[in-house]
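Student: Below you will find the structure I want to go over with you.
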Amino acid sequence: MDQKNNNRMVMLLIAGIPVIMILAATWLWYFVVRGDLDLIGVLGTANRGALVQPPRQVDELALRDGDGLALRYHDLEPRWTMLVPSSGARCDEACEHSLYLTRQIHVAMGKGFNRLRRIYVSDTAPGETGLGLAVLSDGRPAPDSLADYLAAEHRGLKTLLVQPDVYGTLFPEQAVDPETWYLVDPGGWIMMSYDSTVPYKDVISDLKFLLKNSSE
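Position in the sequence shown (first residue = 1) + 18 = my numbering.
So, in structure tokens, the structure goes:
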């Protein structure tokens, strides 16, 4: 009789585990949404990039497309975005390498490729920007202008323009490491930065985690 009761208790516990997990998750999410619990602070983060705190909303600053026309980030298709910034009339080694690296990461994402995009943002139009290097990251000779380089090597890359006086507000981390680029969520928030110390495979790990846990 005792053995039957024990078996019944075990079965009830097993059946109740999913219900307990759902209730616990609901309770936890309620307090996170209310702001009463800093889940990231409690558990730490598994990301390899550096969290931008607080996140910066791209649409808080005026953007223009490659033709100089006003543009709202929210009018673009919602996607996770690798944002490569560069300032001035020259794309130097750091700028070119960030473009090259993000392209390689994008291609390496496989099934996640179409859920990502890359954007180059600068205070100078690509047609007015030169390439300040003789050899590209893959060892080939560099073309004369950034516009030629983007057309030949980065098809599908979108270009955006910002005013010079707001560039530093959006991308202050570049003052420390010129190879810094950013990850923007589908809502237009700059939420993570990556510099030259973050390995290629670690970036891919972050992106796969985000895509797996995101509906966008």
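From the three backbone atoms N, C-alpha and C, an ideal C-beta is built for every residue, glycine too.
(1) Pair every Cβ in the segment 85-93 with every Cβ in the segment 119-129, then say whether three or more of these pairs are closer than 8 angstroms.
(2) Specify the secondary structure class of Val-125 as computed by DSSP and reduced to three states.
(3) Do you know how far the Cα of Leu-117 is from the Cα of Glu-197?
(4) According to DSSP, is Thr-120 helix, strand or coil?
(5) Quick one: is Glu-114 buried, meaning 16 or more other Cβ sit within 10 Å of its Cβ, or exposed?
(6) Can you have a look at Pro-182 and say buried or exposed, based on whether 16 or more other CB atoms are within 10 angstroms of its CB?
(7) Report the partner residues of Val-102 according to the DSSP bridge assignment.
(8) What would DSSP say about Thr-177, mapped onto helix, strand or coil?
(9) Locate the beta strand (DSSP E) running through Tyr-212, then write down its first and last residues.
(10) Can you tell me the Cα-Cα spacing of His-124 and Arg-135, whole angstroms?
(11) With a cut-off of 8 angstroms, does the C-beta of Phe-131 fall near any C-beta of chain B?
(12) Could you give the DSSP three-state label for Ser-223: helix, strand or coil?
(13) Could you give the residue range of the alpha helix (DSSP H) that holds Ala-170?
(14) Give a yes or no on whether the C-beta atoms belonging to Leu-178 and Leu-69 are separated by under 8 angstroms.
(15) Hey, is the segment 136-147 in contact with the segment 91-108, meaning 3+ C-beta pairs nearer than 8 angstroms?
(16) Here's the rule I'm using: 16 or more other beta-carbon atoms within 10 Å means buried, otherwise exposed. How should Ala-160 be labelled?
(17) Let me confirm a value: Asn-65 is counted as buried when at least 16 other C-beta atoms fall within 10 Å, else exposed. Which label applies?
(18) So, helix, strand or coil for Asp-77, using DSSP?
Tutor: On the basis of the supplied data:
(1) no
(2) helix
(3) 10 angstroms
(4) helix
(5) buried
(6) exposed
(7) Tyr-138
(8) strand
(9) 207-212
(10) 8 angstroms
(11) Of the protein chains in the structure, only one exists, and it is not chain B.
(12) helix
(13) 164-171
(14) no
(15) yes
(16) buried
(17) buried
(18) helix
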